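Residue numbers (our numbering): 684 to 997.
Let me begin by presenting the structure, written as C-alpha cells, before commenting on it.
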Amino acid sequence: MEQLFMIFPERIRKALSQAGLSVGKLQEIRLRIGRPVLLHYGGTEYGLTEDGHLTDVPNLDGLCCLPEELSQVMEYASGYSVYAFYEEIRQGFFTIAGGHRIGVAGKVIMDTSGVQEVRHISFLNIRVSHQVIGCAEPVLPYLLQDGFCHTLIVSPPGCGKTTLLRDLIRMISDGSRLLAGRTVGVVDERSELAACHQGVPQNDLGIRTDVLDGCRKAEGMQMLLRAMAPEVIAVDEIGNARDQEALEAAFHCGCKLLATAHGNSLSDIKRRPLIGYMTEQGMFERFVILGNGASAGTVQKIVDSAGTVLYETC
Numbered sequence: 684m685e686q687l688f689m690i691f692p693e694r695i696r697k698a699l700s701q702a703g704l705s706v707g708k709l710q711e712i713r714l715r716i717g718r719p720v721l722l723h724y725g726g727t728e729y730g731l732t733e734d735g736h737l738t739d740v741p742n743l744d745g746l747c748c749l750p751e752e753l754s755q756v757m758e759y760a761s762g763y764s765v766y767a768f769y770e771e772i773r774q775g776f777f778t779i780a781g782g783h784r785i786g787v788a789g790k791v792i793m794d795t796s797g798v799q800e801v802r803h804i805s806f807l808n809i810r811v812s813h814q815v816i817g818c819a820e821p822v823l824p825y826l827l828q829d830g831f832c833h834t835l836i837v838s839p840p841g842c843g844k845t846t847l848l849r850d851l852i853r854m855i856s857d858g859s860r861l862l863a864g865r866t867v868g869v870v871d872e873r874s875e876l877a878a879c880h881q882g883v884p885q886n887d888l889g890i891r892t893d894v895l896d897g898c899r900k901a902e903g904m905q906m907l908l909r910a911m912a913p914e915v916i917a918v919d920e921i922g923n924a925r926d927q928e929a930l931e932a933a934f935h936c937g938c939k940l941l942a943t944a945h946g947n948s949l950s951d952i953k954r955r956p957l958i959g960y961m962t963e964q965g966m967f968e969r970f971v972i973l974g975n976g977a978s979a980g981t982v983q984k985i986v987d988s989a990g991t992v993l994y995e996t997c
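Encoded structure:
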C-alpha cells in the first residue's frame, strides 16, 4: 500500500494514508481534474475528504484533483519518464511496479493506422493489483483427467475470472502433488495476468511460465507455438475469429488450452457462434462458471464437455 501511495502528490497521499484502507479491499482510485477523488473499496464507491474520511456521497466539497496533481501522478508513476511508457499509453493504460495498472483518458490523436498519441491526459484510473495466491486450489482437481484438461472459465465482468486464471497458471507451472509442473505460455494482451513492469512480471505466474506482454492474442499464440514449445497456452477474454483460429492451431498441436470468456452461464456462451463452434469441436473439456460471491473467483459450477456437473455450490 505504501509503495502504491508514493505515486500520489502529498495532499492526496496524506488523505489516502489517513483513511485506514485495507489493501485487500481497495480496487480502484479514480482521478479527474476538478472532480472528487473516488475510491472503489470493498465493492462500493466512496468519495474522500482531505482529512482522510470516506464519504458515501461524493461531492465537490470533498477532495478534488487539481491539474498539477494529476500531472504529478503521471510523473511519479513513470519515474519522471512518461515518454518511456509512450507505446503503452497509446493502448490506454500503463503498468507500474507492483503490477498496478493506470488507465488514461484525454485528447486522442489518430490517423489512418489508429491511435497515435494521448495528449492532455485529464482522467486516470489506478487499478490496484491483487494476486490471490491459492484461490485456484479447490478448482484444480476438477480440471484433471489423465493430465490437465482444456478449460474455459466463464464469468460476468468483475467476478474474478482473471484472478482465478492467474492462480491456475501459477499452479500448473509450479506443479503439485496432483500435477507435474508444465511449461505454460501466456499471452498477456492487456498486461493484467503477469502485470509486467519493464519486462519483469510483478505477479507470480510460476517457474515454468513464459509471457508475451502487450501482444494481441492471435499473434501471441502463434509466436509461442513457433518458439517456446508450451504445453499449456493461457489467454484472457477470447471472443473473435482470429482468437478461434489461433486456439485451433494450438489445440491441433497437442497444446492444452486455458482461457476465459465473458458470460453469465454455459448456455449463454454456447449460443455465441465462435465459442459454440469450439465447444462442438470438443476444444474444451471443462467449463468453470463463476458468479458473484464473497471472494474473487467464486465458483458456481464446474461442468465437463458431456454436460455432467462435477461441482456445484449449494
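Glycine included, each C-beta is placed from N, C-alpha and C at the ideal position.
Bear in mind the structure is a predicted one, so any value in this text is a computation, not a measurement.
- Inter-residue distance for Val915 and Leu949 is about 23 Å (C-alpha atoms, whole angstroms).
- For the options Leu704, Leu807, Thr795, the alpha carbon positioned closest to that of Ile690 is the one of Leu807.
- Each residue's CA atom was taken as its position, placing Gly817 and Ile779 some 24 Å apart.
- By the neighbour-count criterion, in which a residue is buried when 16 or more other Cβ atoms sit within 10 angstroms of its Cβ, Lys790 is exposed.
- For His723, the three-state secondary structure derived from DSSP is strand.
- In the three-state reduction of the DSSP assignment, Val870 falls in the strand class, which pools E and B.
- Put simply, the backbone Cα of Val756 is about 44 Å away from that of Phe934.
- Short of 8 Å from the beta carbon of Leu876, and not among the five residues preceding or following it, lie these beta carbons of its own chain, in chain order: Thr845, Leu848, Arg849, Ile852, Val869, Asn886, Leu888, Val894, Ala917, Asp919.
- The alpha carbon of Leu940 has as its nearest neighbour, out of Gly959, Arg969, Gly782, Gly725, the alpha carbon of Arg969.
- Just so you know, the alpha carbons of Tyr769 and Ala932 end up roughly 33 Å apart.
- Within the segment 893–937, the complete beta strand (DSSP E) segments of 3 residues or longer fall at 915–918, listed in chain order.
- Selection Val837, Gly726, Gly797 evaluated against Gly775 yields Gly797 as nearest (Cα-Cα).
- Per DSSP, reduced to three states, the secondary structure at Asp734 is coil, with no helix or strand assignment.
- Per DSSP, reduced to three states, the secondary structure at Thr962 is helical.
- Our two residues, Tyr729 and Gly717, have alpha carbons roughly 17 Å apart in a direct line.
- Exposed is the label assigned to Leu861, since fewer than 16 other Cβ atoms lie within 10 Å of its Cβ.
- Annotated three-state conformation of Met757 is helix, per DSSP.
- By the 16-neighbour rule on beta-carbons within 10 angstroms, Arg954 is exposed.
- Judged by DSSP in its simplified three-state form, Val765 adopts helix.
- Looking from the CA of Ser874, the closest CA among Gly897, Gln927, Gly786 belongs to Gly897.
- Scanning its chain for C-beta atoms nearer than 7 Å, with the 5 sequence neighbours on each side dropped, one finds no residue around Asp744.
- For the 8 Å CB-CB criterion, Arg773 and Val801 form a contact.
- For Gly959, the closest alpha carbon among the candidates Gly726, Ala924, Gly707 is that of Ala924.
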